[in-house]
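See structure below.
Residue numbers (UniProt numbering): 1 to 116.
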């Protein structure tokens, strides 16, 4: 288990830094003869899903906050600033390998069409 923190002192957009780091880890691991690593990425941006698909790896999970839950929780906290326990938040968990399989099944007919 390894946690990486890259703040604003490191140049680049956060999502791009994450993808670069995962790609670098996988290259190093492949050279050492290891099997594919598992990665979990947390973030609110939906582009993390597309960037993760672009990596071509199956063992990636993207964790995102449920926007509606997050917004309603913020409103509740704002109304009652003396709240002892913050409201529970919902999360979406996207398994990239499974998403890729579903996309392939959905678009299998496009593979059968002739090239234009």
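Ideal Cβ positions, reconstructed from N, Cα and C, are used throughout, including at glycine.
Asked                                                                                                                                             : Found
Got a sec? Which residues, its chain only, sit under 8 Å from residue 58 by beta carbon, not counting five neighbours each side?                  : 36, 96, 97 and 100
Could you tell me the boundaries of the alpha helix (DSSP H) in which residue 15 lies?                                                            : 14-31
Starting from residue 64, follow the alpha helix (DSSP H) in both directions and report where the run begins and ends.                            : Segment 60-65 is the beta strand (DSSP E) holding residue 64; no alpha helix (DSSP H) there.
Please name the residue in 110, 23 and 44 whose C-alpha comes closest to that of residue 93.                                                      : 44
Give, in chain order, every unbroken run of the alpha helix (DSSP H) that is at least 4 residues long and sits entirely within the segment 33-60. : 47-55
Per the DSSP calculation, residue 93 is bridged to which residue(s)?                                                                              : 63
Between residue 4 and residue 55, is the Cβ-Cβ spacing less than 9 Å?                                                                             : no
In whole angstroms, give me the CA-to-CA distance for residue 104 and residue 41.                                                                 : 23 Å
Assuming residue 49 contacts residue 62 (C-beta within less than 8 Å), just tell me the rounded distance between them.                            : 5 Å
Quick one: what does DSSP say residue 7 is sitting in, helix, strand or coil?                                                                     : coil
Three-state secondary structure (DSSP) at residue 110?                                                                                            : helix
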